[in-house]
Amino acid sequence: MIKACRHGNVVCAQKKPHKELPLGHANLIGFSARGGILDIKRQQKLDMPTSSVRSVLTFVVSALLLWTHAFADPVEVALITDGPQYQLQDVEDIFTDELLALTSGEFEIKFTKYPADWSVQSVERALASAYNNPSIDLVLVLGFAANQLVVSRELFAKPTFLPLVFNADLLDAPNVAQGSGRRNLNYLADRVPFKNDLATFQRVIPFRHAALLTDAVIIEAIPQAPAIVREQGQGVAFSFIGHDGVDHNLVGKLPKDVDAVLLGGLPRLPPPLFDALLNDLIARELPVFSLVSETEVLRGALAADVAQTDYRRIARRNALNIQAVLLGERTDQQPVIYEGKRRLTINMATARAIGLSPTFDVLSEADLVNAAPDTTGPALTLNTVAELAIAQNLDLAVSVYDVEIGEQDIRDARSNLLPQVSLGASQVIRRDEALARSAAFPEQSTSGLASLTQPLFVESARSGYQQQKLLQDGRVAALEAARLDSVLDATSAYLQALRAQNQLRIQQQNLDLTKSNLELARDRVRAGSASNADIFRWESSLATARSSVLSALASQQQAYDDLSRILNRDLGTTPDLQMPTPDEPFGTSAEYFNALVNNPRRFAWFAEFVTNDGLSRSPELAQLDAQINATERDVLARRRAFWAPDVSLQAQYTDNFDVSGLGSGTPLDDLNDWSVTLSASWPLFDSGQRRSQLSRSRLLVDQLNTQRAATALQIEQNIRASLLAAQATYANIEYSRDGAEAARKNLALVSDAYQKGAVSIIDLLDAQSQSLQADLSANNAIHDFLLNVMNLQRASNSFDFLLPADERAQRTQSLIQFITEKEAQRRAPGAQP
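Note that the numbering used here gives residue 342 to position 326 of the sequence shown, counting from 1, and the numbers run on in steps of one.
Here it is as structure tokens:
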């Protein structure tokens, strides 16, 4: 008969009762009721094959294990906590879940809570209660303050585990070889000294006087800590401020000259008051560093060098230590030091709020929260960027002035065809008294003059006016070309900014992955499965990745500035960019566009339609047409100049309204004078000037016609080239996405194999490099396609996404009808295949 029994804290099963063995006894006969190893001292030789013997033994062992597990008593664990708290409430669940997961199927664990009430005395009472309870097998202390209080004890009545010891040096914790060396005691403490944390924070922002805010019980539990902290402070002055759970005015307790705050855990501070504390410290522009985890950075602290994931690692190490003791190993020989995976985390929103700009070295090393600066202005989409460019682009505004100036040129030319009216006045004083006495002329006279000139037929004036109107059509066409160019520039800058933004994200992800792989290499080196060469290779890759991030960051800001210049916005701002979909720029659906570009015959018809439509809309051709028409009108004027005279009408009225002095007082004083003249004139001989000018104008017409043909050919080529580029990059979107996904899967497999030691670092470096390049290619593919679409729509002289919905639908219908007619023509009898 097999009977379940208890050996101190170890449950076992044996064939007969036995004496109590000391805690930690490892020489148990038989097997553990919770999955211990069957100790076969001797295997009798049986008359059956070896494989049959093994099968029988396996069956017997499995049956006995299941039977004894059903009748074994659970292992009862006392959980000692500090008391009610608001912060780190999930830490208890992390530790208990890890222990249950590790020992599942091997031991049945039962937890009994012994909460303290945030005082040294209450922790001692909770510990004494757990030790005096005979059903308690071991004690797990999960109160942060309780860990610091208990670790300095001399005696531990039962196996006691302290996984949250802040610093072994500060607490003078016992440490012999790899264990505590103190019977029934196991604790876990980070190997990284406090001065390293301080040096990291000093790299973010230098400070001289730091205030350490933590719970009052923690300060009481470590009376020697202030002296050691000041000793490791590297010249930094420290003030210790304890929170008693009642007086929450911690900001009011800060010394006036404090220029930094360290958070050492405030578990009794309610969350709203904790957030208010961080907001008050930010308002005072004080950098806040968390010694607890990056979760406080997410809530508003500036930086932390401790990762929340470390709690999971510590909980796993603690569970392994407890499992080892349950299986019979000594408590005081379990590991007490763990290597914390430090990762600097910075809240960039907090940094901006306190006016801090970390160095590029720090930025490339840290995990950045709220990395993107606050965006300015409304969200920018493809449509809004184009509309803003039309409304605000300064280069386009210059072209608008050209059109307005042209309107004035038209008015100026028209004035040569309209009546010209002028007024004048004159005064004559004659000193020749003989003429005055003879009454021929008065000594003084004042006259007024009004004249009218009306061209009746002046070919040069008529031609100049008509040419200006034709040239104005060209200016309007040039304005349309400038508008299209502005839309192209703005949308291209917008897409380039999006590309740079995504490239920075990809490079940052690669940097984070390189950091993780460096930590993995260090773990492998500590485990003896790799050499330091792996660490050096990853450090080299880390430097390269940081350089790439800095380059991508500079490229992003350059792209932002280029977009801001085109939109006439302040440089140095961060726009809020919204990523367009691949089919957004088109009037047609993505499915129909895909059907066009994937079929060679339909693609050729599509190119023909777009080319014809683009040529009919071309402002460049319209501008040349206006110049040709204006020059042809000039040719006509030059031809008429040989025979057509300039005919004009002139009228003049003179009023002698004041005379005085000698010679005045005659009937001639009130005499008014008027005249009307009709004149016609033309040159008889100009030494060949008119003929030369006519020849020049005719040559200019020929030149413009030739230029128009060349421009039309160039436009057609640009349309077809842009269309072919869009076709190629459209197909590349899907291919690059598939390649990036395959590269990521390969990287995951190789990373897992590297972690297990199945592949070398070269394989992982190659896989990571391939994944990075594939991600960059996938990012480039979508942006290259959209940029080619923008170039295509500019070449075809119409941005479909700016058209009204009904016009877009009409153009789509025209395209469908064109393709349908081409299909019908191809299927007609006698048609070419």
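Just so you know, even glycine gets a beta-carbon here, dropped at the ideal spot from N, CA and C.
Can you tell which of Q733, N584, Q443 has the C-alpha that lies nearest to the C-alpha of V675?
-> Position 659 of the sequence shown, counted from the first residue, corresponds to residue 675. It is Q443 whose Cα lies nearest to the Cα of V675.
A162 to V139, Cα distance in whole Å?
-> As a position in the sequence shown, residue 162 is number 146, starting the count at 1. As a position in the sequence shown, residue 139 is number 123, starting the count at 1. Roughly 6 Å between the two C-alpha positions.
Using 8 Å as the threshold, is the segment 295 to 314 in touch with the segment 354 to 367, meaning 3 or more CB pairs across them?
-> Touching, yes, given that three or more Cβ pairs across the two stretches are closer than 8 Å.
Counting along the chain, where does the beta strand (DSSP E) carrying D885 start and finish?
-> One cannot answer for residue 885 here, as it falls past the ends of the chain, which runs 17 to 849.
Report the rounded CA-to-CA distance for L342 versus T230, giving the unit in angstroms.
-> If you number the sequence shown from 1, residue 342 lands on position 326. If you number the sequence shown from 1, residue 230 lands on position 214. Each residue's alpha carbon lies about 35 Å from the other.
Any contact of the segment 418 to 437 with the segment 395 to 403, i.e. 3+ C-beta pairs under 8 Å?
-> By the criterion of at least three beta-carbon pairs nearer than 8 Å, the segment 418 to 437 is not in contact with the segment 395 to 403.
Closest by CA to P222, which one among P471, G159, K772, L372?
-> Translated into positions along the sequence shown, residue 222 becomes position 206. L372 is the residue among P471, G159, K772, L372 whose C-alpha sits nearest the C-alpha of P222.
Helix, strand or coil at V385 according to DSSP, with G and I counted as helix = As a position in the sequence shown, residue 385 is number 369, starting the count at 1. Three-state DSSP puts V385 in a strand.
For the candidate residues L115, E108, I152, whose alpha-carbon lies nearest to that of D89?
-> The sequence position of residue 89 within the sequence shown is 73, counting from 1. Looking at the Cα atoms, I152 is the closest of the given residues.
6 Å Cβ shell around Y669 - same chain, five flanking residues per side excluded | Translated into the one-based positions of the sequence shown, residue 669 becomes position 653. Excluding residues within five positions, the ones whose Cβ falls inside 6 Å are A466, W690.
According to DSSP, is F698 helix, strand or coil?
-> As a position in the sequence shown, residue 698 is number 682, starting the count at 1. According to the sequence provided, residue 698 is Trp. The question's Phe does not apply to it. In the structure shown, the three-state DSSP call for W698 is coil.
Quick one: is A929 buried, meaning 16 or more other Cβ sit within 10 Å of its Cβ, or exposed?
-> Outside the displayed range of the chain (17 to 849) lies residue 929, so it cannot be described from this structure.
Please confirm if the segment 331 to 347 is in contact with the segment 175 to 192, defined as three or more CB-CB distances below 8 Å between the two stretches.
-> Contact holds: three or more Cβ-Cβ distances are below 8 Å.
Closer than 8 Å, CB to CB, is S135 near chain D or not?
-> Within the model displayed, chain D is absent; a lone protein chain is all it includes.
Are the segment 522 to 534 and the segment 545 to 558 in contact at 8 Å, needing three or more beta carbon pairs?
-> With the cut-off at 8 Å, the segment 522 to 534 and the segment 545 to 558 touch.
How is A189 classed by DSSP in three states: helix, strand or coil?
-> Reading the sequence shown from its first residue, position 173 is the one you call residue 189. Three-state result, A189: coil.
Pull up the distance between the alpha-carbon of A797 and that of M595, whole angstroms please.
-> By 1-based counting over the sequence shown, the position of residue 797 is 781. By 1-based counting over the sequence shown, the position of residue 595 is 579. Cα-Cα distance, rounded: 14 Å.
Is the segment 767 to 785 touching the segment 477 to 489, taking contact as three or more C-beta pairs under 8 Å?
-> Segments in contact, no.
Is it the case that the Cβ atoms of R706 and F673 are separated by a distance below 8 Å?
-> The count along the sequence shown starts at 1 and reaches residue 706 at position 690. The count along the sequence shown starts at 1 and reaches residue 673 at position 657. Against a cut-off of 8 Å, the Cβ pair of F673 and R706 comes out as no contact.
Residue range of the unbroken alpha helix (DSSP H) whose run includes V766 | Your numbering for residue 766 matches position 750 in the sequence shown. First-last of the alpha helix (DSSP H) with V766: 705 to 771.
Closest by C-alpha distance to G261, when choosing among G99, A405, E823, E624 = In the sequence shown, residue 261 corresponds to position 245, counting from 1. For the residues G99, A405, E823, E624, the minimum Cα distance to G261 belongs to G99.
Tell me whether D592 is buried or exposed, calling it buried when 16 or more other Cβ atoms sit within 10 Å of its Cβ.
-> Within the sequence shown, numbered from 1, the residue matching residue 592 stands at position 576. Label assigned to D592: exposed.
Taking all protein chains shown into account, do 16 or more other C-beta atoms lie within 10 angstroms of the C-beta of T722, making it buried, or fewer, making it exposed?
-> Taking the sequence shown and counting its residues from 1, the one referred to as residue 722 is at position 706. Answer is exposed; the Cβ neighbour count stays below 16.
With a threshold of 16 other CB atoms inside 10 Å of the CB of Q519, please say whether the residue is buried or exposed.
-> Residue mapping note: residue 519 aligns to position 503 of the sequence shown, counting from 1. That one is buried.
Bridge partner(s) assigned by DSSP for S255 | Indexing the sequence shown from 1 puts residue 255 at position 239. Per DSSP, the beta-bridge partners of S255 are A227.
Indicate whether L740 and P598 have their beta-carbon atoms separated by less than 8 Å.
-> Within the sequence shown, numbered from 1, the residue matching residue 740 stands at position 724. Within the sequence shown, numbered from 1, the residue matching residue 598 stands at position 582. No, these two residues do not count as a Cβ contact at 8 Å.
How close, in whole Å, do the beta carbons of Q164 and I238 come, if the pair is a contact with beta carbons under 8 Å?
-> Position 148 of the sequence shown holds residue 164. Position 222 of the sequence shown holds residue 238. About 5 Å separates the two Cβ atoms, so the contact holds.
Rounded straight-line distance, which links the Cα of L527 to that of E108 = Translated into positions along the sequence shown, residue 108 becomes position 92. Translated into positions along the sequence shown, residue 527 becomes position 511. So the two alpha carbons sit approximately 33 Å from each other.
By Cβ distance, which residues of its chain are closer than 7 Å to R430, with the 5 residues on each side in sequence left out?
-> In the sequence shown, the residue the question calls residue 430 occupies position 414. Cβ neighbours of R430 beyond the five flanking positions: Y481.
Whether A227 touches A205 by CB criterion (8 Å) | On the sequence shown, residue 227 is found 211 positions in, with the first residue counted as 1. On the sequence shown, residue 205 is found 189 positions in, with the first residue counted as 1. In this structure, A205 does not lie closer than 8 Å to A227 by Cβ.
Give me the Cα-Cα distance between H41 and T119, rounded to the nearest whole angstrom.
-> On the sequence shown, position 25 is the one that residue 41 refers to. On the sequence shown, position 103 is the one that residue 119 refers to. Residue placement at H41 cannot be trusted, given a pLDDT of 33 that sits under 50; the coordinates are not used to answer.
Chain-order list of residues whose beta-carbon lies under 7 Å from that of R219 (same chain, five-residue window excluded) | Counting from one through the sequence shown, the residue named residue 219 turns up at place 203. These residues qualify, in order along the chain: V378.
F111 beta carbon less than 8 Å from that of L158 = By 1-based counting over the sequence shown, the position of residue 158 is 142. By 1-based counting over the sequence shown, the position of residue 111 is 95. Remark: C-beta atoms of L158 and F111 approach each other more closely than 8 Å.
Ends of the beta strand (DSSP E) at Y130?
-> Within the sequence shown, the letter at position 114 stands for residue 130. It spans 125 to 131 - the beta strand (DSSP E) in which Y130 sits, taken as one unbroken run.
Determine the direct distance from the alpha carbon of F609 to that of Q786, and round the result to whole angstroms.
-> Along the sequence shown, one-based indexing puts residue 786 at 770. Along the sequence shown, one-based indexing puts residue 609 at 593. C-alpha separation (whole angstroms): 31 Å.
Hey, L781 and R724: beta-carbon distance below 8 Å or not?
-> The count along the sequence shown starts at 1 and reaches residue 781 at position 765. The count along the sequence shown starts at 1 and reaches residue 724 at position 708. Taking 8 Å as the Cβ cut-off, L781 and R724 do not qualify as a contacting pair.
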